[in-house]
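Novice: With the sequence shown counted from 1, adding 46 to any position gets you our numbering.
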Amino acid sequence: MSTLVLLRHGESVWNAEGLFTGWVDVNLSEKGEEEARKGGRLLLDAGVRPDVVHTSLLKRAIRTANLALDEADLNWLPIRRSWRLNERHYGALQGKDKAQTRAEFGDEQFMTWRRSYDTPPPPLADDNEFSQVGDRRYADLPPELMPRTECLADVVDRMLPYWYDSIVPDLAAGRTVLVAAHGNSLRALVKHLDGIDDDTIAGLNIPTGIPLLYELNDDFTPRKTGGEYLDPEAAKQAIEAVKNQGKK
Ligand code: DG2
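Structure below.
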């Protein structure tokens with residue numbers, strides 16, 4: 047048996063403004079910093095002691111991990127980072143206002159772009175101010191893997207090699223693993239863990255800053271489907287808020 051904790055970063059400044067973010071490297075809001083610290087306290091209070099952390103290459107996830115670890119007095123933990131845990135690349139929607147996009151394109155198109163499994167938003171042009179093409183942190187990424195847009199299916203495809211090659215070996219070694227990542231990269235991981243089908247995953251939303259604990263069997267399947275939020279009441283409300291984003 048092993049323990050996996052999933053933590054979506056605290057609220058970012060663009061979450062607060064209601065903008066599509068994707069691979070744009072925005073910071074945490076003050077509220078997000080507090081959510082991250084609270085996430086660390088929840089781990090401490092629940093007696094969950096991670097041995098290793100995996101994050102994306104984006105500062106909202108990296109800072110969330112650091113703030114949570116600081117609160118839990120675990121600053122010394124090894125941290126591994128990968129672009130494969132990055133948020134879904136939101137294509138041409140990056141930087142756009144969610145409510146305005148919904149008003150302009152209608153509810154159905156908005157939800158298709160936001161939550162359909164296999165329809166990506168239009169690609170982002172390389173010369174767009176919110177493009178990551180040419181960003182030094184992705185220099186090792188083979189050019190053909192650099193996304194210009196992604197649907198959730200694409201995220202599952204690029205995240206799973208990291209799950210099998212980097213996270214599972216830590217779990218197999220008996221380490222408690224904390225994954226600090228993003229709404230959609232974690233939806234991709236939960237889809238895999240819980241065996242959620244391509245349609246049902248549209249209804250799954252992950253709140254910011256609340257640790258989601260999975261006890262795993264020896265074959266890395268969850269002992270309890272859906273895991274367990276360390277603050278279930280707060281999670282319920284925050285999940286509703288994520289679901290309703292884009293509604294004025
Ligand atoms: C949000 C998710 O990602 O947005 O890219 O806008 O978790 O990194 O803040 P995160 C974004 P939705 O898919 O929930 O609209």
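From the three backbone atoms N, C-alpha and C, an ideal C-beta is built for every residue, glycine too. Everything numeric in this text was worked out from a predicted model, so none of it was measured.
(1) Going by the CB atoms, is the gap between residue 217 and residue 262 shorter than 9 Å?
(2) Take residue 72 as the anchor and find which of 204, 201, 228 has the nearest alpha-carbon.
(3) Measure how close the beta-carbons of residue 83 and residue 52 come, nearest whole angstrom, since I'm counting them as under 8 Å.
(4) Mark residue 151 as exposed unless 16 or more other C-beta atoms lie within 10 angstroms of its C-beta, in which case mark it buried.
(5) Quick one: residues in its chain with C-beta nearer than 8 Å to the C-beta of residue 297, no 5 flanking neighbours on either side, listed in chain order?
(6) Could you check whether the Cβ of residue 133 sits closer than 8 Å to any heavy atom belonging to the ligand DG2?
(7) Contact check, residue 103 vs residue 132 under 8 Å by CB: the rounded distance?
(8) Over the uninterrupted alpha helix (DSSP H) stretch that includes residue 235, give me the two end residues.
(9) Report yes if the CB atom of residue 99 is closer than 9 Å to the CB atom of residue 126, and no otherwise.
(10) Can you look up residue 261 in the DSSP assignment and give me helix, strand or coil?
(11) Which residue or residues does DSSP assign as beta-bridge partners of residue 222?
(12) Please state whether DSSP places residue 143 in a helix, a strand or coil.
(13) Let me confirm a value: residue 215 is counted as buried when at least 16 other C-beta atoms fall within 10 Å, else exposed. Which label applies?
Specialist: Checking against the coordinates, here is how it stands:
(1) yes
(2) 228
(3) Between residue 52 and residue 83 the Cβ distance is about 18 Å, and since that is not below 8 Å, they are no contact.
(4) exposed
(5) The first residue shown for the chain is 47 and the last is 294, placing residue 297 beyond what the model contains.
(6) yes
(7) 6 Å
(8) 229 to 240
(9) yes
(10) strand
(11) DSSP lists no partner for residue 222.
(12) strand
(13) exposed
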